[in-house]
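Please read the structure below before turning to the comments.
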Amino acid sequence: MSNVKEMDVQQSLHYKLREQTPYFLNKEQHEFYVRNGWVKIENVIEESEINDFLNTYNRITKLDGFELTEQFLNTGCMVNPELRQLTSDVINRNVKTILPRLFDMDKVEMHTGGSFVIKPVSKESALEIHQDSSFIDEEKFYSLFMWVPFCDVNEENGHLSVLPGSHLWGSTQRGFGAPWNLAKHIGLMKNYMLPVYANKGDIILFDPALVHASAPNLSNETRHAITITIAPKNPELIYYYKDDKMPAGDIEKYYVSEDFFKTYDFASKPDETVWRKEVVPYKSFDLCEEKMLALIEANLPE
Numbered sequence: 002m003s004n005v006k007e008m009d010v011q012q013s014l015h016y017k018l019r020e021q022t023p024y025f026l027n028k029e030q031h032e033f034y035v036r037n038g039w040v041k042i043e044n045v046i047e048e049s050e051i052n053d054f055l056n057t058y059n060r061i062t063k064l065d066g067f068e069l070t071e072q073f074l075n076t077g078c079m080v081n082p083e084l085r086q087l088t089s090d091v092i093n094r095n096v097k098t099i100l101p102r103l104f105d106m107d108k109v110e111m112h113t114g115g116s117f118v119i120k121p122v123s124k125e126s127a128l129e130i131h132q133d134s135s136f137i138d139e140e141k142f143y144s145l146f147m148w149v150p151f152c153d154v155n156e157e158n159g160h161l162s163v164l165p166g167s168h169l170w171g172s173t174q175r176g177f178g179a180p181w182n183l184a185k186h187i188g189l190m191k192n193y194m195l196p197v198y199a200n201k202g203d204i205i206l207f208d209p210a211l212v213h214a215s216a217p218n219l220s221n222e223t224r225h226a227i228t229i230t231i232a233p234k235n236p237e238l239i240y241y242y243k244d245d246k247m248p249a250g251d252i253e254k255y256y257v258s259e260d261f262f263k264t265y266d267f268a269s270k271p272d273e274t275v276w277r278k279e280v281v282p283y284k285s286f287d288l289c290e291e292k293m294l295a296l297i298e299a300n301l302p303e
């Protein structure tokens, strides 16, 4: 994208996409999410559900290949099939009761599972500014991540930070296998991140396209949480991949299934003999710092 006018059009399109297809049962929650890209909802998760998640996490820590270092851990990046299956099972058990409290179940369902997101006590446990991978075509649909902490989360133990409105910018071709087209603006974006705190039992729902980060855990206890993926009914699942061998203006779009997310290592090139591939134009998001600053400030809360 080369100019602000084109960016304004993209924002309008992505705003309308979300505004006109509400997933939430609560109108105010939906409206806040559409504007900001995230929403906190209090007192959603029951103690028994948190215990079930935590017990499963304790089980997977004993499996081969599990390792918790001083850095942030996302268990979705671990390839042990038993670990992934146990995580999938505990999510499937609990979303049956959690999701109907929040969403119109004629419109959404859980897809691609989720993962435990763990912050050990360490100055090295921060998660830097990023956007999460897109797994559906975000020019046509939108999805959500549900972040469920197992304890109160505050300024000491690894709270989230968000950049409001960044989910509307049109950066839709995201993935572990693709370069992040906002990377050159990390320093600028850091100045506008807003902290979000939550208590045990609360959830934070956010758009995968939202620019976000999390602080290091400087408390005395490990911070445990789980993320769960929410998508429209029967979505066409995709994965983007781009390496240095491809023309600058191209990116590969793979059409995949649930099995892809259960077995893929999130590093290598997807197998073209298994998954259908399409080469599509790459959206480079080429904005100068002045235009990027205008874009950020236009979406900040008043």
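Residue numbering for the sequence shown follows our numbering, beginning at 2 and increasing consecutively. Just so it is clear, CB atoms sit at the ideal spot from N, CA and C, and this is done for glycine as well.
Residue burial is scored here from C-beta neighbours: residue 21 has fewer than 16 other C-beta atoms within 10 angstroms and is therefore classed as exposed. Between residue 145 and residue 239, the CB-CB gap reaches or exceeds 9 Å.
At a Cβ-Cβ threshold of 9 Å, residue 117 and residue 24 do not count as neighbours. Distances from the CA of residue 140 to each of 297, 259 and 236 were compared; the closest alpha carbon is that of 236. Shown here, residue 73 sits in coil according to DSSP, grouped into three states, outside any helix or strand.
Between residue 167 and residue 195, the C-beta gap is not smaller than 9 Å, which leaves the two residues out of contact. Excluding five sequence positions before and after residue 279, the CB atoms of its chain that fall closer than 7 Å to its own CB belong to 254, given in chain order.
Looking at the backbone, the Cα of residue 108 and that of residue 173 are separated by about 21 Å. In this model, residue 206 and residue 284 are separated by some 26 Å (Cα to Cα). Apart from the 5 residues on each side of it in sequence, residue 111 sits with its Cβ closer than 8 Å to the Cβ of 92, 93, 96, 100, 229, 230, 231 and 232 in its chain, given in chain order. DSSP lists 255 as the bridge partner or partners of residue 240. Here residue 116 carries a strand assignment [DSSP, helix/strand/coil].
For residue 160, the three-state secondary structure derived from DSSP is coil. If you look at residue 225, you'll find it in the beta strand (DSSP E) that goes 224-233. Here the C-alpha atom of residue 147 lies approximately 22 Å from the C-alpha atom of residue 257.
Rounded to the nearest angstrom, the gap between the Cα atoms of residue 155 and residue 36 is 24 Å. Looking at the backbone, the Cα of residue 178 and that of residue 185 are separated by about 18 Å. Within the same chain, no residue comes within 7 Å of residue 13 by CB-CB distance, once the 5 residues on both sides are set aside.
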